[in-house]
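Basically my numbering = 1-based index in the sequence shown + 263. A short worksheet on the structure shown next.
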Amino acid sequence: MNSRIRLVVIGGGIAGAELVRTASSKKTLDITLIDPKPCLEVQALYPEYLVGKAKVEDMTAPLYPFCQRGANFINDLALNVKDGRVICTRCEVEYDVLVNSSRNPTELFWHRGCGADILHQHLE
Ligand SMILES: Cc1cc2nc3c(=O)[nH]c(=O)nc-3n(C[C@H](O)[C@H](O)[C@H](O)COP(=O)(O)OP(=O)(O)OC[C@H]3O[C@@H](n4cnc5c(N)ncnc54)[C@H](O)[C@@H]3O)c2cc1C
């Protein structure tokens, strides 16, 4: 039986990606990162990009290195959270602990299991 805690992180911006990278050292966690983009974007460079002073490759970094220590990466959009599962466009992912770092202000927030206090219990 798998006794590892299933931590699912929605959103691979700097917050989610760094959480995944650092939490991957915990052998008690089975971590999955979900993001429809394969790369993290440095948003501070958006203005430079818009005026042609930065290229896409200057302001993006692939997410896979953040998952190198064993986290799973699902390249998909989370649509909803229901009954302990994140529902994406192509799959569903079960979780014990959910972190929403998508900055999506609506339906993905405030589900059971989603909260820093719960995560801390598992990371300590
Ligand atoms: C022009 C500009 C300049 C800035 N300058 C600075 C600065 O100088 N210093 C500073 O500290 N900060 C700066 N910021 C702010 C900084 O960029 C943000 O605070 C930071 O990017 C937030 O990171 P995050 O990981 O919380 O969210 P985000 O970077 O927004 O990441 C959210 C991720 O969630 C994913 N996502 C969204 N919805 C879903 C979904 N339904 N399912 C799955 N994934 C989803 C997105 O694809 C994205 O990858 C700047 C921002 C801008 C726009």
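No residue lacks a Cβ here, since even glycine has one placed at the ideal position from N, Cα and C.
- Query: Roughly how many angstroms lie between the CA atoms of G365 and D359, to the nearest whole one?
  - Reply: The residue asked about is misnamed: residue 365 is Ser in this sequence, not Gly. Cα to Cα, S365 sits roughly 18 Å from D359.
- Query: What separation, rounded to the nearest whole angstrom, lies between the Cα atoms of A280 and K345?
  - Reply: Rounded to the nearest whole angstrom, the CA to CA distance from A280 to K345 is 23 Å.
- Task: From the DSSP output, read off the bridge partner residues of L292.
- Result: I268
- Item | Distance between F329 and N338 (C-alpha atoms, nearest Å) | 14 Å
- Query: Is the CB-CB distance between I294 and L270 below 7 Å?
  - Reply: yes
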